[in-house]
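So the sequence shown is numbered by the UniProt record's numbering: it starts at 1 and just counts up by one.
Ideal Cβ positions, reconstructed from N, Cα and C, are used throughout, including at glycine.
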Amino acid sequence: MTLCFACGANVFSPGVIVDFSVIRDKLRTESGPASVQPDEVVNVLQNIKRDLQDYDMEIQRLESRRILLAAQRENLKQYASEVQSLLSPVRRVPDEILQCIFDYCLPIHAYASQALRNKSVMAISSVCTHWRRNALSIPALWSRITLRWNTRG
């Protein structure tokens, strides 16, 4: 392993120079025990094994880095989405208009179910703190909630 000149990180550099033409030429032309130098071949094989381990380590390091970068990218996309929400047109609606809209969202008919009336108020007040503040400032919304107590012991 060598060091990167820019950041000082370990950079993988193989120790074995892969040259298929040389090895294939030897396989074709040389034969017999006198043509092979076992110590040299064993040394090359050991270097190849070491390089393969280094390749595996480098692949693992790069894969870890890829996973980290992908997570950071997704985080940035989520952040961009939330920042984009700041430009949403509903954020520019004046409070008075928003309160009128809230009032229209609630059922006014006597036959509307209690659950529907209660859910509408709760849904409106659960969107965000701005909407909750506006919903809480309209007593008429909250006066439509019905609570039933079970009187059985």
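Tell me whether the beta-carbon of residue i lies closer than 9 Å to the beta-carbon of residue j.
{"i": "Leu106", "j": "Val121", "result": "yes"}
{"i": "Leu141", "j": "Asp103", "result": "yes"}
{"i": "His14", "j": "Asp54", "result": "One point to set straight first is that residue 14 is Pro, not His, in the sequence displayed. Cβ distance < 9 Å, so Pro14 and Asp54 count as in contact."}
{"i": "Glu30", "j": "Val22", "result": "no"}
Check for me: the alpha helix (DSSP H) holding residue i runs from which residue to which?
{"i": "Gln78", "result": "38–85"}
{"i": "Ser21", "result": "20–29"}
{"i": "residue 164", "result": "Absent from the model: residue 164. The displayed extent of the chain is 1 to 153, so no value can be given."}
{"i": "Leu141", "result": "139–142"}
{"i": "Leu106", "result": "Careful: Leu106 lies outside any alpha helix (DSSP H) and carries neither H nor E."}
Report the CB separation of residue i from residue j in whole angstroms; it is logged as a contact under 8 Å.
{"i": "Val16", "j": "Asp51", "result": "5 Å"}
{"i": "Phe12", "j": "Glu58", "result": "4 Å"}
contact_flag[the segment 126–142, the segment 94–102] where n(CB pairs < 8 Å) is 3 or more: yes
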